[in-house]
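In our numbering, the protein residues as written are 7 to 283. Just below is one structure, and these are the notes that go with it.
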Amino acid sequence: MNFRIRLIVIFGALFFVLAGCNKKTVTKILKSKDVEYKLGMAEQYYANKKYSKAQLIYEDLFPLLRNDTRFEDLYFKYAYCAFYQKDYMNAENLFKGFLDAFPKSQRASDVDFMRAYCFFKQSPKVELDQSATQKAIGFMQAHLNNYPESPKQAEAKKIIEECYDKLEEKDFKSAELYYNIGSYRAAAITFTNLLNRYPESKRADQYKLMIIKAYYEYALMSIEEKQKERYEKVVEEYYDFVDRFPESKHLKDAEKYFNLSKNNLNAIKHEQTNKKS
7 MNFRIRLIVI FGALFFVLAG CNKKTVTKIL KSKDVEYKLG MAEQYYANKK YSKAQLIYED
67 LFPLLRNDTR FEDLYFKYAY CAFYQKDYMN AENLFKGFLD AFPKSQRASD VDFMRAYCFF
127 KQSPKVELDQ SATQKAIGFM QAHLNNYPES PKQAEAKKII EECYDKLEEK DFKSAELYYN
187 IGSYRAAAIT FTNLLNRYPE SKRADQYKLM IIKAYYEYAL MSIEEKQKER YEKVVEEYYD
247 FVDRFPESKH LKDAEKYFNL SKNNLNAIKH EQTNKKS
């Protein structure tokens with residue numbers, strides 16, 4: 007066995023010995039009937055950021071210190087143990103429990119923010135269900151309303167903005183998907199809803215362009231009897247585009263679909279005139 011392999015074996019064995027010792031140490035603490043000793047060890051573990059160990063001891067102390075003046079501090083740190091271990095669902099429940107138990111605590115503002123922040127931390131990728139994101143917005147807004155002097159005001163506003171950006175991106179991807187698979191009417195409606203929901207978005211003119219494009223493609227693939235009214239819809243959306251976004255960088259693209267629609271409407275009108283004559 008060479009020296010490097012021997013070192014790996016030695017350190018591996020040492021790791022398992024130490025892990026076993028640590029486990030035995032916590033077990034020994036939990037078996038102790040000395041409340042002050044337990045609390046002291048829990049505080050020591052918490053201060054050293056060994057949150058899983060602190061959490062076990064705090065949990066064991068819950069029924070023993072429930073009527074003690076130190077219970078508020080214990081509960082506060084117990085909730086943070088879950089948060090620091092990224093157990094955000096449990097942490098949110100614990101922060102809620104703290105607020106229910108100590109509504110007038112000096113820590114209430116901090117805990118209220120952390121409860122909302124737990125929902126933000128549970129917010130998934132854009133493609134997934136955004137219930138947690140919506141809850142984060144609701145609870146962060148409630149924090150702003152309930153604690154107008156909160157030192158977390160600026161951070162809460164920033165998080166709300168990030169959450170709205172994520173919801174907007176999800177809606178955009180849904181609308182874009184409809185367009186990409188050729189469901190043009192659904193795309194036009196979804197982009198319209200998107201624009202109505204986020205009228206001040208920095209991409210608002212892009213959404214309006216997509217509405218025009220989707221309605222144009224929808225008219226193009228329509229049966230002959232329906233094409234006239236659907237090209238007219240494109241023209242209507244173009245005029246609205248010009249009215250709302252006169253300086254848009256997408257103006258030329260929008261104008262292209264307007265001209266195509268006008269040409270097609272003229273062709274339809276010419277054909278109808280010939281049929282009558």
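Even for Gly, the Cβ is constructed at its ideal location relative to N, Cα and C.
Pop quiz: residue i and residue j are said to be a contact at Cβ under 8 Å. What is the actual Cβ separation, rounded to whole angstroms?
i	j	result
ASP177	ARG203	7 Å
SER156	PHE108	That pair is no contact at about 17 Å.
TYR57	CYS87	4 Å
ILE63	ALA48	4 Å
TYR153	SER115	5 Å
VAL32	LYS59	5 Å
SER207	GLU174	6 Å
Using 8 Å as the threshold, is the C-beta distance between residue i and residue j below it?
i	j	result
GLN61	TYR81	no
GLU263	TYR245	The identity of residue 263 in the sequence shown is Tyr, whereas the question assumes Glu. Going by C-beta atoms, TYR263 is not nearer than 8 Å to TYR245.
LYS179	VAL132	yes
PHE125	LYS141	yes
TYR213	ARG236	no
LEU36	ASP79	no
MET216	TYR185	yes
ASP211	SER267	no
LYS164	GLN136	no
ILE143	TYR170	yes
ARG5	GLU98	The structure shown does not extend to residue 5, since the chain spans only 7 to 283, so no value can be given for it.
LEU134	VAL117	no
HIS149	ALA160	no
LYS234	ILE274	yes
LEU271	GLU242	no
Between which two residues does the alpha helix (DSSP H) holding residue i run?
i	result
ILE187	It is not in any alpha helix (DSSP H) - ILE187 carries neither H nor E in the DSSP assignment.
ASN99	94 to 107
ASP246	230 to 250
HIS149	137 to 152
SER254	Per DSSP, SER254 belongs to no alpha helix (DSSP H) and is neither H nor E.
GLN212	210 to 226
GLN61	57 to 71
ARG121	114 to 128
LEU134	LEU134 -> no alpha helix (DSSP H), and no H or E assigned at all.
TYR43	41 to 53
TYR204	Counting along the chain, TYR204 falls outside any alpha helix (DSSP H), and DSSP gives it neither H nor E.
LYS83	77 to 90
> Should the stretch 225 to 235 be called in touch with the stretch 193 to 201, which here means at least 3 C-beta pairs below 8 Å?
Replying inline: The stretch 225 to 235 makes no contact with the stretch 193 to 201: fewer than 3 CB pairs, one atom from each, lie closer than 8 Å.
> Can at least three beta-carbon pairs, one atom from the stretch 69 to 78 and one from the stretch 88 to 96, be found at a separation below 8 Å?
Replying inline: Pairwise C-beta distances place the stretch 69 to 78 out of contact with the stretch 88 to 96, as fewer than three of them are shorter than 8 Å.
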